[in-house]
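A.B. asks:
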Amino acid sequence: MNIELLVGMLSNALLMLGLFVIYEISDHLPAKWDKVWRYVTGLLTAAICVVIMAAPYELRPGLVYDTRTILISVTALIFGPVPTLITAATATGYRIWMGGIGMIPGIGTIVTSAVIGLVWRRWVFHRSRQIRWKWLNLYVMGLVVHILMLACMFLMPLEEAMETISHIAVPVMVVYPVFSVLLGMLLYHGQERRDSVEQLRESEERFQMLFNRAPMGYQSLDKEGYFIDVNQQWLDVLGYDRSEVVGHWFGAFVPEADRQDFTERFEHFKDQGRISCEVRLIHKTGRVIHFAVEGRIGHGADGIFLQTYCILQDITEQKKAEAELLFASYHDYLTGLYNRRFLDQEMQRMQTEEAYPVSVVMGDIDGLKLVNDAFGHDRGDDLIRTAGKILAACVRPGDVLARTGGDEFFILLPHTDGVTAYALIQQITVACQTYNDNIPDDALHIFISLGYGTMESPDDEYPDALRVAEDYMYQRKPLVDKSPHSSILKSITTTMQARSFETESHAERLVQITRNIGTAMGLGEQELDLLHMLSKLHDIGKIGISDQILNKPGKLTDEEWTEMRKHPEIGYRIASASPALSVVAETVLTHHERWDGKGYPRGLSGEAIPLVSRILAVADAYDAMTEQRPYRDPLSPEEAFAEIERCAGTQFDPSVARVFLEMARSGRLADEPSDSL
């Protein structure tokens, strides 16, 4: 790189600082000069351009180089078309006067610089919102301008053009874009500052107009926060006489709970020079009124604080409406509990704060539709409100209780595992029983079916937990003692017992035995409840078998056995068709499958058979062997134990058989479990 050429270019570039001086002068001119100043700016910029062109670096006679391209492109970018046209026209005339071989390329660089600057101003530069993009924009503009500058060299003979480009290309492409950025950003920041001053001036005028004309409360405070003046509107709204206000401290009219906040905001107000906020002031009668406040600080000519100027608008009714709307948007209108929208937001918050484990309890009121149909919706609404009160009395601080539908409630339990969630379900069930025990006989009893799901970690999904809770809730419905759904279970079991050798005591023994085995094997409450239902309903399909086969005192024929073996499939169809029983359908279908795969109806084997079905198979076989039947005598317990031990690994799951035998021989099989929920 030619050092002499580079130094010449840098010296020439320093002359462009005159453009910044012009801009600074314009910042202090009266507003009435604004229209004329564009033309004055053009003339002054043209003068600087002439000075720059008069002190060029001369490559050879008639071929000179200077920084006019930077000056003209940045002028176009910052000042706009009028100053640019004046400057470009002047520069063109001066270059023609200078003459020489470089005249045509020189005029070309003037025109291209002006055009690129104006294009950048119109379509590119002001769309860059961030400072770093403005730097990049200016640099790219500088590159484009000076690539075109080099291209203009080809307006000379090719040999001259190539020689010239070889001398100036590197310094032009390295130095000129950088100077374009520096000059452009210098002027841009000056323009931003000027815009800020203009905005401040306009804002002051706007506030002054509001203070003078707005039919709102007006007040003025000194630097200590004491009233200097208020208008009549202010006095009318708050009910005071002027003598009760002027000279008194503003904080005395603010509720005590807000005074510290007022003190802090007033200091911030004085620091910032303006404020936009809401305050509460005490009416003379003692009621609180909400105001929206807009204010600014007034200063003297010497910059010393004079007073505040504030307007106040009564927004009490607006705040009341907002509060009511906010409450309605997050609360159920009937119970006052939270609604689905708030529940979902809280779930998102808990997931964000990682309040794991998070449990969700789902419940609905059994028989609400029947109450609405029989007694009217007013009684149904009373039942919903009662349910809400019972649930609210059971939840802990930090839990989120919401009513999400007609008879549907949800409880979000942060930092709560499944064991604790189940304990809450039991607590609510007891609370419902207590309520029912203490109301008149003719009053409506309340039954709430409940289920839960737990998210142990962020890997667990909220919809999955809801689905688990819902499935478990429907599974438990028939088990809620004396509820409408429990009557369905009672009716079915009574019908089954009337048509076969099965007795109620047989079903209750199965409930006891299977629950004790399941507990020993570590089953959760959901699986234990499923065992409870399966123990009572596993032979529901026998409803579809003829009485002749069911009650035959002797051995069944092959054809009769074929018919009898259809009862798991019949039971599956019956259970699947009922929402209250569908959760037990799959286990009803598989309760006669064998561990070795020789069972029916599907020939499943091993762990492909649901665990609860495997547990029931052992318990049912034991109770059947030890129970008196018309066609045979019962086995002794020890004989039944030996038979189960013999069939372990073929007919029965060996692990279930082992647990059963250990419990039976140690006397723990007869422990009484909870019979109903």
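In the numbering used here, the protein residues as written are 4 to 680.
Glycine is no exception: its CB is placed at the ideal position from the N, C-alpha and C atoms.
Write down the C-beta distance between Ile543 and Gly574 rounded to the nearest angstrom, noting that I regard them as a contact closer than 8 Å.
C.D. replies: Counted from its first residue, the sequence shown places residue 543 at position 540. Counted from its first residue, the sequence shown places residue 574 at position 571. Ile543 to Gly574, Cβ: 4 Å. Contact.
A.B. asks: Cβ atoms of Ile119 and Thr95: under 9 Å apart, would you say?
C.D. replies: Mapped onto the sequence shown, residue 95 falls at position 92. Mapped onto the sequence shown, residue 119 falls at position 116. Not a contact, by the Cβ cut-off of 9 Å.
A.B. asks: Return the CA-CA distance between Val659 and Tyr425, expressed in angstroms with no decimal places.
C.D. replies: Within the sequence shown, numbered from 1, the residue matching residue 659 stands at position 656. Within the sequence shown, numbered from 1, the residue matching residue 425 stands at position 422. Approximately 25 Å, taken between the alpha carbons.
A.B. asks: Write down every uninterrupted run of the alpha helix (DSSP H) in the segment 612-645 whose length is 4 residues or greater and which is fully enclosed by it, in chain order.
C.D. replies: 614-628
A.B. asks: Whole angstroms are fine: how far does the CA of Ile314 sit from the CA of Val248?
C.D. replies: On the sequence shown, position 245 is the one that residue 248 refers to. On the sequence shown, position 311 is the one that residue 314 refers to. Looking at the two C-alpha atoms, the distance is approximately 16 Å.
A.B. asks: Which ranges does the alpha helix (DSSP H) cover as unbroken runs of at least 4 residues, wholly within the segment 535-578, from first to last along the chain?
C.D. replies: 550-553 and 561-567
A.B. asks: Three or more beta-carbon pairs under 8 Å between the segment 175-188 and the segment 198-208, yes or no?
C.D. replies: Pairwise C-beta distances place the segment 175-188 out of contact with the segment 198-208, as fewer than three of them are shorter than 8 Å.
A.B. asks: Any idea which residues DSSP pairs Leu315 with across the strands?
C.D. replies: Reading the sequence shown from its first residue, position 312 is the one you call residue 315. DSSP, once it has assigned bridges, lists Gly220 and Val296 as partnering Leu315.
A.B. asks: Tell me which residues share the same chain as Pro461 and place their Cβ nearer than 8 Å to its Cβ, disregarding the 5 neighbours each side in the sequence.
C.D. replies: Numbered from 1 along the sequence shown, position 458 holds the residue referred to as residue 461. Contacts found: Gln354, Glu357 and Tyr359.
A.B. asks: Could you give the distance in angstroms between the alpha-carbon of Leu531 and the alpha-carbon of Gly339?
C.D. replies: Here residue 531 is taken as the residue at index 528 of the sequence shown, counted from 1. Here residue 339 is taken as the residue at index 336 of the sequence shown, counted from 1. So the two alpha carbons sit approximately 35 Å from each other.
A.B. asks: Please check the pair Ala395 and Leu404, which I expect to be a contact at CB under 8 Å, by giving their CB distance rounded to whole angstroms.
C.D. replies: On the sequence shown, position 392 is the one that residue 395 refers to. On the sequence shown, position 401 is the one that residue 404 refers to. Sure, about 6 Å apart at Cβ, within 8 Å.
A.B. asks: In terms of DSSP beta bridges, what is Cys52 paired with?
C.D. replies: Taking the sequence shown and counting its residues from 1, one reaches residue 52 at position 49. DSSP lists no partner for Cys52.
A.B. asks: Please state the DSSP three-state secondary structure of Met524.
C.D. replies: Residue 524 sits at position 521 when you count from the first residue of the sequence shown. When DSSP states are grouped into helix, strand and coil, Met524 belongs to the coil group.
A.B. asks: Which class does Gly456 belong to by DSSP, given the choice of helix, strand or coil?
C.D. replies: Taking the sequence shown and counting its residues from 1, one reaches residue 456 at position 453. Gly456: strand per DSSP, three-state reduction.
A.B. asks: By alpha-carbon positions, which one of Leu224, Gly228 and Gly220 ends up nearest to Tyr243?
C.D. replies: Reading the sequence shown from its first residue, position 240 is the one you call residue 243. Minimum Cα distance to Tyr243 is reached at Gly220.
A.B. asks: The alpha helix (DSSP H) spanning Ala588 covers which residue range?
C.D. replies: Start at 1 with the first residue of the sequence shown, and residue 588 comes out as number 585. Ala588 to Leu592 is the span of the alpha helix (DSSP H), which, as asked, contains Ala588.
A.B. asks: What number of angstroms, rounded off, separates the C-alpha of Lys137 from the C-alpha of Ser362?
C.D. replies: The count along the sequence shown starts at 1 and reaches residue 137 at position 134. The count along the sequence shown starts at 1 and reaches residue 362 at position 359. Straight-line Cα distance between these residues: approximately 52 Å.
A.B. asks: Going by Cα to Cα distance, which pick from Arg479, Ala295 and Lys287 is closest to Ile368?
C.D. replies: Residue numbering aside, residue 368 sits at position 365 when the sequence shown is read from its first letter. Nearest of Arg479, Ala295 and Lys287 to Ile368, Cα basis: Arg479.
A.B. asks: Would you grab the beta carbon distance between Thr115 and Val77 for me? Rounded to a whole angstrom, and I think it's under 8 Å.
C.D. replies: Working through the sequence shown from its first residue, we reach residue 115 at position 112. Working through the sequence shown from its first residue, we reach residue 77 at position 74. Not a contact, Cβ separation roughly 14 Å.
A.B. asks: Starting from Ala405, follow the beta strand (DSSP E) in both directions and report where the run begins and ends.
C.D. replies: For this step, residue 405 is matched to residue 402 along the sequence shown. It spans Val403 to Arg406 - the beta strand (DSSP E) in which Ala405 sits, taken as one unbroken run.
A.B. asks: If I'm right that Met628 touches Ala643 with Cβ under 8 Å, what's the distance once you round it to whole angstroms?
C.D. replies: Along the sequence shown, one-based indexing puts residue 628 at 625. Along the sequence shown, one-based indexing puts residue 643 at 640. Their Cβ separation, rounded to whole angstroms, is 4 Å, which keeps Met628 and Ala643 in contact under 8 Å.
A.B. asks: Does the Cβ of Ala472 have 16 or more other Cβ atoms within 10 Å, making it buried, or fewer, making it exposed?
C.D. replies: For the purposes of this step, residue 472 is identified with residue 469 of the sequence shown, where counting begins at 1. So Ala472 ends up on the buried side.
A.B. asks: With a 10 Å radius around its C-beta and 16 neighbouring C-beta atoms as the bar for buried, classify Arg597 as buried or exposed.
C.D. replies: Counting from 1 along the sequence shown, the entry for residue 597 is found at position 594. By the 10 Å Cβ count, Arg597 comes out buried.
A.B. asks: Just list the alpha helix (DSSP H) runs in the segment 250-293, keeping only unbroken ones of 4 residues or longer that don't cross its boundaries, in chain order.
C.D. replies: Runs of the alpha helix (DSSP H) inside the segment 250-293: 262-275.
A.B. asks: Take the Cβ of Val621 as the centre, count every other Cβ of all protein chains shown within 10 Å, and call the residue buried at 16 or more, exposed below.
C.D. replies: Within the sequence shown, the letter at position 618 stands for residue 621. Buried, because 16 or more other Cβ atoms sit within 10 Å of the Cβ of Val621.
A.B. asks: Label Leu42 either buried or exposed according to how many other C-beta atoms from any shown protein chain fall within 10 Å of its C-beta, with 16 as the threshold for buried.
C.D. replies: Working through the sequence shown from its first residue, we reach residue 42 at position 39. As written in the sequence, residue 42 is Tyr, which differs from the Leu given in the question. With fewer than 16 Cβ atoms within 10 Å of its Cβ, Tyr42 is classed as exposed.
A.B. asks: Give me whichever residues DSSP pairs with Gln310 in a beta bridge.
C.D. replies: Taking the sequence shown and counting its residues from 1, one reaches residue 310 at position 307. Per DSSP, Gly301.
A.B. asks: Taking its Cβ as the centre, do 16 or more other Cβ atoms sit within 10 Å of Met165, making it buried, or is it exposed?
C.D. replies: Within the sequence shown, numbered from 1, the residue matching residue 165 stands at position 162. Exposed, by the Cβ-count rule.
A.B. asks: Ends of the beta strand (DSSP E) at Asp367?
C.D. replies: Residue numbering aside, residue 367 sits at position 364 when the sequence shown is read from its first letter. That run of the beta strand (DSSP E) goes Val361 to Ile368.
A.B. asks: List the DSSP bridge partners of Leu415.
C.D. replies: The sequence position of residue 415 within the sequence shown is 412, counting from 1. For Leu415, which the question treats as bridged, DSSP gives the partners Val363 and Val403.
A.B. asks: Taking only three categories from DSSP, how would you classify Tyr425?
C.D. replies: Here residue 425 refers to the residue found at position 422 of the sequence shown. The three-state reading of DSSP puts Tyr425 in helix, counting H, G and I together.
A.B. asks: Tell me the DSSP bridge mates of Leu66?
C.D. replies: By one-based count along the sequence shown, residue 66 stands at place 63. DSSP, once it has assigned bridges, lists Arg63 as partnering Leu66.
A.B. asks: List the DSSP bridge partners of Val85.
C.D. replies: On the sequence shown, position 82 is the one that residue 85 refers to. Paired residues: none, contrary to the question.
A.B. asks: Pull up the CB-CB distance for Val374 and Tyr477, whole angstroms please, since I reckon it's below 8 Å.
C.D. replies: For this step, residue 374 is matched to residue 371 along the sequence shown. For this step, residue 477 is matched to residue 474 along the sequence shown. Contact flag wrong, Cβ pair sits at about 19 Å.
A.B. asks: With a threshold of 7 Å on Cβ separation, who are the neighbours of Met106 within its own chain once the five nearest residues in sequence on each side are excluded?
C.D. replies: By 1-based counting over the sequence shown, the position of residue 106 is 103. Result list for Met106: Arg98 and Ile99, in chain order.
A.B. asks: From the DSSP output, read off the bridge partner residues of Ile451.
C.D. replies: For the purposes of this step, residue 451 is identified with residue 448 of the sequence shown, where counting begins at 1. DSSP, once it has assigned bridges, lists Ile368 as partnering Ile451.
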